[in-house]
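In the working numbering, the protein residues as written are -16 to 35. Remarks on the structure that follows.
Following this line, the structure appears as structure tokens:
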């Protein structure tokens, strides 16, 4: 029982770090305008911009 309590505490202690990483990841993705839907033609868009 005590082991379960310790595991639960560790899990909750880790949550802020997980949220921090998630926020960093989200801001990184938005800064670089990387989205799953754009990943297929993202390179083409970049090349087109350079071609102009």
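Quick reminder that beta carbons are idealized off the backbone N, C-alpha and C, glycines included. Remember, predicted model here, so these are calculated numbers, not experimental data.
* With DSSP collapsed to three states, give me the class of residue -16. => coil
* Asked: What's the gap between the Cα of residue -4 and the Cα of residue 10?
  -> 23 Å
* To do: With DSSP collapsed to three states, give me the class of residue -6.
  => helix
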